[in-house]
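Protein chains: 2
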Amino acid sequence: MSHVASLDIVQTDIRRVEERMYAQANEHHPELQAALKHLVVSGGKRVRPALTLLVGEMLEGEKERLITLAAAIEMLHTATLVHDDLIDGSLLRRGIPTLNAQWSPGATVLTGDFIFAKAARLAAETDSVRVMRLFAETLAVIVNGEITQMFSSQGLASREDYYQRIYAKTASMFELAATAAAELSPVSESVLSAMQRFGYEIGMAFQIVDDILDFTGEQERVGKPVANDLRHGLITLPALYYYEAHPDDERMEAVINTGINDKEIEELISDIRQSSAVKQALVEARNFAERGVAELEILPNNQARSAVIEVAYYIVDREL
Amino acid sequence: MSHVASLDIVQTDIRRVEERMYAQANEHHPELQAALKHLVVSGGKRVRPALTLLVGEMLEGEKERLITLAAAIEMLHTATLVHDDLIDGSLLRRGIPTLNAQWSPGATVLTGDFIFAKAARLAAETDSVRVMRLFAETLAVIVNGEITQMFSSQGLASREDYYQRIYAKTASMFELAATAAAELSPVSESVLSAMQRFGYEIGMAFQIVDDILDFTGEQERVGKPVANDLRHGLITLPALYYYEAHPDDERMEAVINTGINDKEIEELISDIRQSSAVKQALVEARNFAERGVAELEILPNNQARSAVIEVAYYIVDREL
Chain A
74 MSHVASLDIV QTDIRRVEER MYAQANEHHP ELQAALKHLV VSGGKRVRPA LTLLVGEMLE
134 GEKERLITLA AAIEMLHTAT LVHDDLIDGS LLRRGIPTLN AQWSPGATVL TGDFIFAKAA
194 RLAAETDSVR VMRLFAETLA VIVNGEITQM FSSQGLASRE DYYQRIYAKT ASMFELAATA
254 AAELSPVSES VLSAMQRFGY EIGMAFQIVD DILDFTGEQE RVGKPVANDL RHGLITLPAL
314 YYYEAHPDDE RMEAVINTGI NDKEIEELIS DIRQSSAVKQ ALVEARNFAE RGVAELEILP
374 NNQARSAVIE VAYYIVDREL
Chain B
74 MSHVASLDIV QTDIRRVEER MYAQANEHHP ELQAALKHLV VSGGKRVRPA LTLLVGEMLE
134 GEKERLITLA AAIEMLHTAT LVHDDLIDGS LLRRGIPTLN AQWSPGATVL TGDFIFAKAA
194 RLAAETDSVR VMRLFAETLA VIVNGEITQM FSSQGLASRE DYYQRIYAKT ASMFELAATA
254 AAELSPVSES VLSAMQRFGY EIGMAFQIVD DILDFTGEQE RVGKPVANDL RHGLITLPAL
314 YYYEAHPDDE RMEAVINTGI NDKEIEELIS DIRQSSAVKQ ALVEARNFAE RGVAELEILP
374 NNQARSAVIE VAYYIVDREL
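Heads up: the sequence lines are chains A and B, in that order.
FYI, the numbering for the first sequence is 74 to 393, going by this note's numbering.
FYI, the numbering for the second sequence is 74 to 393, going by this note's numbering.
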């Protein structure tokens, strides 16, 4: 991340966000402290808190409350990952053992619950009832999305289904980050709405790029097999575009419903990678990011705004 | 419950609380709606919302906000039960199949999370940041208590350990109910503190009585074997008193650590039931309830206060 200047700028604040996260286990059971430390240390790129802080800075929000908010958002994100990894039986995340790889299912469920509680506590510390509401609503959207996916008959989802799914899974949290940062800043309702749309658009872009990287990334770097989603029958945007262009390719039907052999899946993945589908998906991600950036035109053109724009484009161009 | 007049009085409001609970799944996945309906229908005596409403009425809080608060509290309680039953592998609660008896562990975790989200959303609807904080803190206390119990080496806990455990498990939620109802009412800080202590005391009384009923209840009525906790190596107040009076009874050590055969456990349970330990525990529960009721002396003596006192004593005298 060091090549993105605006992300460099917030690194000191991100350290403070992480300290706030650690501190949530103080005065609680030592195992909870150890679990939280493990989770914070094995955390990712901190895109959500970085976005929260940069949007807040752009809107001249108060730094302390923004750090609290950013910690609350990353805690909420972390709690959902703890339960997701348990439910999916994932043993590694970013190459580091997950909590459920080391703990019983019961202890993992409870640790997730504890982190939800602490996310809510941090959100309450922002002293904004509207921020609290956004938190609760976002968690409901995320969980409802997961339940919907769990109970849906797997099928060749439409692009509309795909967008609903990635909104629930990812964009809702980006929307929360940008909107809540605006809530804690002295801005008008129209700026607030613009920030909500900005968060939505770049959140969508972020997940599409994640789904592209699943196809294009090298296994060593990503830490899981190429096209891991497709191998599990999950159809993301590159595969959707490929299928739209090749509606008669029976392997697509097979990968979801009837099953597909090892040779065929490798060939299918190779065909999708070589098709124009990946590029089409990238164009779509850029469209989302550009619509997001366009929402920033309501604000004065200054350095803080440039930093937010830089992050928005980093989201699309990272690791490609 | 029909013999307790003050509980009869709030039945209409309790129906409204349940409607608020149902409504939380509106516009979400049908399976979530079905799960929530199942949970609400199989709900218990609604002691927590009843207490919330009666305390709120006594303090002249606004009815609509109190109903929202009561729904939030019962949702929080319900969410913790969903995860507890999953973790404990309990297949029945109050004689009705638990969610985890019918659903996958993953779906059950997510449904619990969804109900947490909706509890937080309802709490936010009270428009009180202090109420939101209390909610988040209470959930952290409950989960920390469960984690502590999970990681503690089972042993002959002290009475102090026992009180800490039942505070986390039960009294914290009663404290929340009474304190949050006071937060939504036009009262002084000293009344607020008195209500917090009131909630604490009667919550402790409630759990001690639960633990007594575990020993004295008839299997058919309680829906689980007599002394179910002791059979699982969990030492509650009656067993603690018994052990204090019989420190040389090696069966107590055996039931926790080395194991005990069927004949011996039945004899031990019978001995505890016939000892003065049950009565001692009941005296202790009454002491808690009386200290709780004494906190109400700060308030004018009127019908609403009498209703709260009636519920406080009902908590000790129920089903004995």
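Using N, Cα and C, we set each Cβ at its ideal position, and we do this for glycine too.
These numbers were taken from a predicted model, which means no experiment stands behind them.
Closest by C-alpha distance to residue i, when choosing among the options
i	options	result
A/Asn432	B/Leu310, B/Ala107, B/Ala213	Summary: the structure shown does not reach residue 432 of chain A, with chain A confined to residues 74 through 393, and so no result is reported for it.
A/Val204	A/Thr181, A/Leu249, A/Asp161	A/Leu249
B/Ser261	B/Asp302, B/Ile329, B/Glu133	B/Glu133
B/Val389	B/Leu149, B/Pro311, B/Met277, B/Phe288	B/Met277
B/Val356	B/Arg167, B/Ile345, B/Tyr314, B/Met94	B/Tyr314
B/Glu370	B/Met268, B/His305, B/Glu256, B/Ile345	B/Met268
A/Ile87	A/Leu105, A/Val114, A/His102	A/Val114
B/His101	B/Arg304, B/Trp176, B/Phe187, B/Arg121	B/Phe187
A/Asn360	A/Glu104, A/Ile275, A/Ala253	A/Ile275
B/Thr289	B/Ala350, B/Thr211, B/Gly218, B/Leu124	B/Ala350
B/Asp200	B/Thr221, B/Met223, B/Ala254	B/Ala254
Residue i - containing alpha helix (DSSP H), residue span
i	result
A/Ile342	335-347
A/Arg138	136-161
B/Val128	120-131
A/Glu370	No alpha helix (DSSP H) contains A/Glu370, which DSSP labels as neither H nor E.
B/Ser258	Looking at the DSSP string, B/Ser258 is not in any alpha helix (DSSP H), and its letter there is neither H nor E.
B/Asn217	202-224
B/Arg378	376-390
A/Ile82	78-82
A/Gly185	178-198
B/Pro311	310-318
A/Thr103	Correcting the residue type first, residue 103 of chain A is Pro in the shown sequence and not Thr. Per DSSP, A/Pro103 belongs to the alpha helix (DSSP H) from 103-114.
A/Asn173	Taken as a continuous stretch (DSSP letters only), A/Asn173 belongs to no alpha helix (DSSP H), as it is neither H nor E.
B/Asp322	Here B/Asp322 belongs to no alpha helix (DSSP H), and DSSP marks it neither H nor E.
Span separating the alpha-carbon of residue i from that of residue j
i	j	result
B/Gly365	B/Glu337	39 Å
A/Val128	A/Phe208	17 Å
B/Arg119	B/Met131	18 Å
B/Gly179	A/Ile160	5 Å
A/Thr151	B/Leu195	23 Å
B/Phe247	B/Gly272	5 Å
A/Ala380	A/Tyr235	30 Å
B/His156	B/Val182	6 Å
A/Val264	A/Arg324	47 Å
A/Ser75	A/Asp81	For A/Ser75, the predicted model reports a pLDDT of 43, less than 50, meaning its position is unreliable; a value from the coordinates is still stated below. Roughly 6 Å separates the two Cα atoms.
B/Arg93	B/Ala144	6 Å
A/Val77	A/Leu126	15 Å
B/Gly116	B/Ser163	15 Å
A/Ile215	B/Asn301	38 Å
B/Ser231	A/Ser266	56 Å
A/Arg138	A/Glu147	14 Å
B/Val202	A/Glu210	16 Å
B/Lys297	B/Asn330	23 Å
B/Asn173	B/Ala107	14 Å
B/Asp322	B/Val328	11 Å
B/Ala244	B/Ala362	12 Å
A/Ala377	A/Leu149	26 Å
Neighbour list for residue i in chain B, Cβ cutoff strictly below 8 Å
i	result
A/Phe247	Simply none; closest approach about 18 Å.
Listed by chain order, chain A residues near residue i by CB distance under 8 Å
i	result
B/Asn217	His101, His102, Leu105, Phe187
B/Arg166	In chain order: nothing, as chain A lies at least about 17 Å away.
B/Pro178	Ile160, Pro178
B/Arg194	Arg206, Ala209, Glu210, Ala213
B/Leu183	His156, Ile160, Val216, Glu219, Ile220, Met223
Within chain B, partners of residue i - CB distance below 7 Å
i	result
A/Ala190	Ala209, Leu212, Ala213, Val216
Proximal chain A residues relative to residue i, where beta-carbon distance stays under 7 Å
i	result
B/Ala197	Val202, Met205, Arg206, Ala209
B/Glu224	Note that residue 224 of chain B corresponds to Phe in the displayed sequence, not to Glu. Per Cβ cutoff of 7 Å: His102, Glu104.
Residue burial classification, residue i (beta-carbon count within 10 angstroms, cutoff 16)
i	result
A/Lys352	exposed
A/Asp335	exposed
A/Leu165	exposed
A/Pro311	buried
A/Pro122	buried
A/Ile169	exposed
A/Arg238	buried
A/Lys136	exposed
B/Thr252	buried
B/Arg167	exposed
A/Gly306	exposed
A/Thr401	Here chain A has residues from 74 to 393 only, and residue 401 of chain A is not among them.
Residues that residue i contacts on chain D, provided the C-beta gap is smaller than 8 Å
i	result
A/Ile239	Note that chain D does not occur in the displayed structure, where the protein chains are A and B.
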